[in-house]
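**Student:** Submitted below is the structure of interest, expressed as structure tokens.
Residue numbers (our numbering): 31 to 940.
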């Protein structure tokens, strides 16, 4: 029992009980230095009977070495690597330097570690203890925070000990147990146990008050002091506070040692691995006598065995290191660099050399640059940034220093620290940059701004960067023009000069030197779209789209397919749209490029909504939300708004549209405003409130730069205007629509045009209705086919051809119900009843037993995905997936996956 920590120990023992029963738990034990966090973690280890315990400790000197702490924790578990999916296993092997490969995505690494812990726990409960988490290297902290937030039912405990009261963003969202000072009675009893002889109660109370009940302070500050000195107090007015006073107490003990012993302690404080053999080799370089290693003399600071050296407390280590002069520290770092094998640990050797170097040194800077490249190849972008930061400082040549500063800024951006990247970019402005370097500075600044907001401030920055790049890198300049044009389309009319202004600048871009790439074709076509209009640009857009489908590399597909998807939707090419979106998602999952996953899933949503696959859309939407939450990528709301509008639940759809639009206003993302108006027009036409649909359609169709949303807005405008007897507005909308559908020439485009033309036609309306159904039947776009049947049925009923009308309206009603389009289904039902046929209202989805998480998992399982595949998609461990499936089977009364489809059909009310 730890004195005064009964409540904390009880909570930790409950945590262990949960883990033994099959649940997982994560906890951050937080408090100031010396408050007893390590003792509580030690209690967890002692109390974890029947559990496997693995441990890691953050070390301040290793905070810049990528995955240092993560490797400590996972090394005993690597025998389970082969049980992980291939991409996850490869990611961990690459991160730990066990194999060469592309830099792994940090979210894929998180999934891999989650899977590794779950596999290890399949043999029995697993307890992971991570002490001194405030000194975790950034890469390890990101991965472990990701894992801790996703533990569920794997029988894994992940407990962190972290110094400080300020929240750590990498551990945000994890339950925390704050550990304060001991209660007064326990603090007094602890003080009595370390002070010899009777102590005046007033002095004792004063010491307890000055230490604030901190156990380490109570144990360490009085050491070596007489009763008279204790009566004088412990230095409560020390400017450094309690932590500094504890360090001072360790420093006093250091002062009592011989010079050789102090030098040996400094080597131990500087060498974070605690490797006794390495320490002695460095001591020999420094000519420290073996006699200095007197265990009794050093015991107040160090614990020493034949193989390991450790400090009694991290504050003892920092006290020893800080007590040394700058030159003395450099000598020790140089000695450690000398005895560190560059073939085994080149990065640590480079870091010691960097700390040993007082001024500019190109050789050391070059070695740090090589270590940065090594760290970046393993996915350790924060470590690479730290190496490059120090390399920049040590670089003597101003031009080379500017180049390394730029590389450091790029590494900070990749590490998820855009603010530091922007600070470094600002610092390079005074450096002697080459023209190419200045252009790279502009490009990185523009890309950071664009990634943050997708608003109206990015296009001018991207345009400026593109112009600066032209003399040095034409392909990159053209890519940047394309990015600027896409950014302007996102921003809409909020950007200065509008899309046309950006297109005019892009039109002057240099032509490619060789055969044009798919994205070169796309740049020229999209520029033509903005300057000359849809009919002129459509053939070139179609050619660019075909090139994207046929020739694009995987790397280019991950970067540019989202833009090609927008072109496909603009051209009414549902097949290309679906193919490109599916390719992006497949590549993102297969290569572990999980940052691209939320965007790919967003572009999968809309074509599936239009195909009427709302059940699949629900699963994709949930997966997209999980991926966006896990990766921090800004949520793309377009598919969600389209789904809500077609679903037709007014309150739900209005909330989705309004929240999406409101979030976009702050970013200056004008495209969402147009999409919101179009979604409202679809919603209100479905609900039969055509006046509201007309108003929304007018607003949405006022901006041709809105791409496919403009197309769909015209469709809604025509129908709403006809129903409101605004025939001139309907004809104008149809004329604008027909200009685009004729240029597209797809069955989807021409079918929608025919359906819209039937609304304004006279006696030959039936011909157009039939053409619409015939064309749309050849496409996957079932929502538009169902509407064609509905409009034809409505026309037939008004022409008093009731039997013919019933056939069309019944077909429309059945299609709408099967797709879950409730508003349009109700509209078809009412029309059907007006023909004299009764149609019973259908509940589209009456599945209420399953939780949201269970519904996500069961849909993927029904589609044939394995537990690891489901876990990868939803950022869960396979064990958690298995747990939820068992609950689903019990609720549905089934025993296996093969019964899922039939059980789900039964649970839906026809």
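No residue lacks a Cβ here, since even glycine has one placed at the ideal position from N, Cα and C. If you're wondering where the values come from, they're calculated on a predicted model, not measured in any experiment.
(1) Taking only runs of the alpha helix (DSSP H) that begin and end inside the stretch 431–516, which ones reach a length of at least 4 residues, in chain order?
(2) Am I right that residue 133 and residue 409 are in contact with their C-beta atoms under 8 Å? What's the rounded C-beta distance?
(3) Mind reading off the beta-carbon distance from residue 414 to residue 376? Whole number of angstroms is fine, and I expect it under 8 Å.
(4) Could you work out which residue in 770, 745 and 238 is closest to residue 790 when comparing CA atoms only?
(5) So for residue 287, helix, strand or coil by DSSP?
(6) Run through DSSP, which three-state label would residue 126 get?
(7) Could you tell me which residues DSSP puts in a beta bridge with residue 82?
(8) Just mark residue 857 as buried or exposed, buried being the case when its beta carbon has 16 or more other beta carbons within 10 Å.
(9) By how many angstroms is the C-alpha of residue 187 removed from the C-alpha of residue 158?
(10) Pop quiz: residue 370 and residue 395 are said to be a contact at Cβ under 8 Å. What is the actual Cβ separation, rounded to whole angstroms?
(11) Can you tell me whether DSSP reads residue 206 as helix, strand or coil?
(12) Need the endpoints of the beta strand (DSSP E) that residue 193 sits in, please.
(13) Measuring only the C-alpha atoms, how far is residue 272 from residue 332?
(14) For my contact list, residue 797 and residue 783 are in at a C-beta cut-off of 8 Å; report their separation, rounded to the angstrom.
(15) Whose C-alpha, out of 730, 684 and 706, is nearest the C-alpha of residue 694?
(16) Given that a residue counts as buried once 16 or more other Cβ atoms are within 10 Å of its Cβ, and exposed if not, what is residue 642?
(17) Closest to residue 584 by CA distance: which of 180, 561, 548 and 555 is it?
(18) Taking DSSP as the reference, what is the three-state secondary structure of residue 602?
(19) On the DSSP bridge assignment, give the partners of residue 334 in chain order.
(20) When you compare only the Cα positions, how much space is there between residue 591 and residue 130?
(21) Which stretch, first to last residue, makes up the alpha helix (DSSP H) that contains residue 829?
(22) Does residue 902 come out as helix, strand or coil in the three-state DSSP assignment?
(23) Within the stretch 833–893, note down every full beta strand (DSSP E) run reaching 3 residues or more, in order along the chain.
(24) Just reading off the alpha helix (DSSP H) that residue 745 is part of, what are its end residues?
(25) Within 8 Å, do at least three Cβ pairs link the stretch 590–606 to the stretch 731–740?
(26) Can you tell me the Cα-Cα spacing of residue 620 and residue 825, whole angstroms?
(27) Mind checking which residues open and close the beta strand (DSSP E) that includes residue 705?
(28) What is the residue span of the alpha helix (DSSP H) that residue 36 lies within?
(29) DSSP puts residue 59 in a beta bridge; with which residues?
(30) Taking DSSP as the reference, what is the three-state secondary structure of residue 809?
(31) Roughly how many angstroms separate the alpha carbons of residue 925 and residue 918, rounded to a whole number?
(32) Using a Cβ cut-off of 8 Å (strictly closer), state whether residue 433 contacts chain D.
(33) Excluding sequence positions up to five away, which residues of its chain have a Cβ less than 7 Å from the Cβ of residue 911?
(34) What is the rounded straight-line gap between the Cα of residue 284 and the Cα of residue 361?
(35) Please report the straight-line C-alpha distance between residue 768 and residue 775, rounded to a whole angstrom.
(36) Starting from residue 375, trace the alpha helix (DSSP H) in both directions and tell me its first and last residue.
**Tutor:** By the coordinates alone:
(1) 448–457, 465–483 and 488–499
(2) Counted from its first residue, the chain shown places residue 133 at position 103. Counted from its first residue, the chain shown places residue 409 at position 379. About 4 Å separates the two Cβ atoms, so the contact holds.
(3) The residue given as residue 414 occupies position 384 in the chain shown. The residue given as residue 376 occupies position 346 in the chain shown. Going by Cβ atoms, the distance from residue 414 to residue 376 rounds to 14 Å, so no, they are not a contact pair.
(4) On the chain shown, residue 790 is found 760 positions in, with the first residue counted as 1. Here the closest residue by C-alpha is 745.
(5) Within the chain shown, numbered from 1, the residue matching residue 287 stands at position 257. DSSP places residue 287 in coil when its eight states are reduced to three.
(6) Position 96 of the chain shown holds residue 126. Coil.
(7) By 1-based counting over the chain shown, the position of residue 82 is 52. 156, per the DSSP bridge assignment.
(8) Here residue 857 corresponds to residue number 827 of the chain shown, with the count starting at 1. So residue 857 ends up on the buried side.
(9) Working through the chain shown from its first residue, we reach residue 158 at position 128. Working through the chain shown from its first residue, we reach residue 187 at position 157. Going from the Cα of residue 158 to the Cα of residue 187 covers about 6 Å.
(10) Within the chain shown, the letter at position 340 stands for residue 370. Within the chain shown, the letter at position 365 stands for residue 395. With a Cβ gap of about 18 Å, residue 370 and residue 395 do not count as contacting.
(11) Counted from its first residue, the chain shown places residue 206 at position 176. Strand.
(12) To locate residue 193, count along the chain shown from 1; it is residue 163. Run containing residue 193: 186–193, per the beta strand (DSSP E) assignment.
(13) Counted from its first residue, the chain shown places residue 272 at position 242. Counted from its first residue, the chain shown places residue 332 at position 302. Each residue's alpha carbon lies about 21 Å from the other.
(14) One-based indexing of the chain shown puts residue 797 at position 767. One-based indexing of the chain shown puts residue 783 at position 753. Not really, about 13 Å apart at Cβ, beyond 8 Å.
(15) As a working mapping, residue 694 is identified with position 664 in the chain shown. The residue with the shortest Cα to Cα distance from residue 694 is 706.
(16) Locating residue 642 in the chain shown gives position 612, where the first residue counts as 1. By the neighbour-count rule (16 or more Cβ atoms within 10 Å), residue 642 is buried.
(17) Residue 584 sits at position 554 when you count from the first residue of the chain shown. Measuring from the Cα of residue 584, the nearest candidate turns out to be 548.
(18) As a first step, residue 602 is located in the chain shown; it is residue number 572 there, counting from the start. Residue 602: coil per DSSP, three-state reduction.
(19) For the purposes of this step, residue 334 is taken as residue 304 along the chain shown, with counting starting at 1. Residue 334 is bridged to 339.
(20) Along the chain shown, read from residue 1 onward, the residue named residue 591 stands at position 561. Along the chain shown, read from residue 1 onward, the residue named residue 130 stands at position 100. Roughly 28 Å between the two C-alpha positions.
(21) Position 799 of the chain shown, counted from the first residue, corresponds to residue 829. Where residue 829 is concerned, there is no enclosing alpha helix (DSSP H), given that its DSSP letter is neither H nor E.
(22) By one-based count along the chain shown, residue 902 stands at place 872. Correct three-state label for residue 902: helix.
(23) none
(24) Mapped onto the chain shown, residue 745 falls at position 715. Where residue 745 is concerned, the enclosing alpha helix (DSSP H) stretches over 738–753.
(25) yes
(26) Looking up residue 620 in the chain shown gives position 590. Looking up residue 825 in the chain shown gives position 795. One C-alpha to the other measures close to 50 Å.
(27) Your numbering for residue 705 matches position 675 in the chain shown. It is not in any beta strand (DSSP E) - residue 705 instead sits in the alpha helix (DSSP H) that spans 700–717.
(28) Here the question's residue 36 lines up with position 6 in the chain shown. From DSSP, the alpha helix (DSSP H) with residue 36 extends over 36–50.
(29) Translated into positions along the chain shown, residue 59 becomes position 29. Answer is 191 and 207, bridged to residue 59.
(30) Along the chain shown, one-based indexing puts residue 809 at 779. Residue state, collapsed to three classes: coil.
(31) Working through the chain shown from its first residue, we reach residue 925 at position 895. Working through the chain shown from its first residue, we reach residue 918 at position 888. Computed Cα separation, rounded: 10 Å.
(32) Of the protein chains in this structure there is only one, and it is not chain D.
(33) In the chain shown, counting from the first residue as 1, residue 911 sits at position 881. Only 887, 897, 900 and 901 meet the Cβ criterion.
(34) Numbered from its first residue, the chain shown carries residue 284 at position 254. Numbered from its first residue, the chain shown carries residue 361 at position 331. One C-alpha to the other measures close to 19 Å.
(35) The sequence position of residue 768 within the chain shown is 738, counting from 1. The sequence position of residue 775 within the chain shown is 745, counting from 1. Straight-line Cα distance between these residues: approximately 10 Å.
(36) One-based indexing of the chain shown puts residue 375 at position 345. First-last of the alpha helix (DSSP H) with residue 375: 372–386.
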